[in-house]
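S.K.:
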Amino acid sequence: MNQGDRREHRGARILLVEDNALNRRLVRDLLAHRGHEVVEATTVPEAVERLSCAPDLVLMDLQLPGGSGEQVLQHIRSRDDVRSVPVIVVTASAMQGEKERLLAAGFDAYLSKPIDTRSFGAVVESFLVKGAPGRD
Ligand code: MN
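Under the numbering used here, think of the first position of the sequence shown as -17, with each following residue one higher.
Now the structure itself:
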C-alpha cells in the first residue's frame, strides 16, 4: 500500500457495536486518532438502528445485552443497502472452533480480545481496502 492509498482510506465511518464502555472507548480512541468517524451502538436494536449511518465497516462484539452480534450480522446480510459491508467480530471467546464457526457464519474477520493496540488500526484499515468496492 502506498501513501496515496493510505490517505484515501482515512476518514472511514465505522460502526462500533460494543456494550463494554472501556472497550468501546479504547477502540473509539484508536480509530478516531487515525481519522475515522466512529458511530457507537451497545445493543442489537441500537446497532440495527445505527446502520442508517451507512458505515464503511462494522466492528462487532459478540455478547450484547439481550442478544448476540450474530443477530446483527444476519440482519446486515439480509439488507440490500448494507449487506456487503465488512463485519469484523471482536470477541474474547476462547472456545475451540469458535473462530472457524464465526467465519463460516459470515463474519469477514475475527479479532480476539484483548485487542493488540499497536496493530488494531492497520488491521481494521486492511478490511476497508478489501471491503469497499470501487475504492481500490
Ligand atoms: Mn459484550
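Note that beta-carbon positions come from the ideal geometry of N, C-alpha and C, so glycine has one too.
Is it the case that the region 12 to 30 contacts the region 62 to 81, given that we only count it when at least three CB pairs across the two stretches are under 8 Å?
M.R.: No, they do not touch.
S.K.: The ligand MN and Leu41: does any heavy atom of the ligand fall closer than 7 Å to the residue's C-beta?
M.R.: Within the sequence shown, numbered from 1, the residue matching residue 41 stands at position 59. Result no, Cβ not under 7 Å from the ligand MN.
S.K.: Consult DSSP for Arg6 and reduce its assignment to one of helix, strand or coil.
M.R.: Reading the sequence shown from its first residue, position 24 is the one you call residue 6. If DSSP states are grouped into helix, strand and coil, Arg6 belongs with the helices.
S.K.: Counting contacts by CB-CB distance shorter than 8 Å, is Ala29 in contact with chain B?
M.R.: The structure shown has no chain B; it contains just one protein chain.
S.K.: Taking 8 Å as the cut-off, does the region 2 to 10 touch the region 26 to 36 (at least 3 CB pairs, one atom from each stretch)?
M.R.: Contact fails: fewer than three Cβ-Cβ distances are below 8 Å.
S.K.: Using 10 angstroms around the beta-carbon of Met77, count the other beta-carbons present and answer buried if the total reaches 16, otherwise exposed.
M.R.: Taking the sequence shown and counting its residues from 1, one reaches residue 77 at position 95. It is exposed - the Cβ of Met77 has fewer than 16 other Cβ atoms within 10 Å.
S.K.: Terminal residues of the continuous beta strand (DSSP E) containing Glu0?
M.R.: Within the sequence shown, numbered from 1, the residue matching residue 0 stands at position 18. Note, Glu0: premise wrong, no beta strand (DSSP E); not H, not E.
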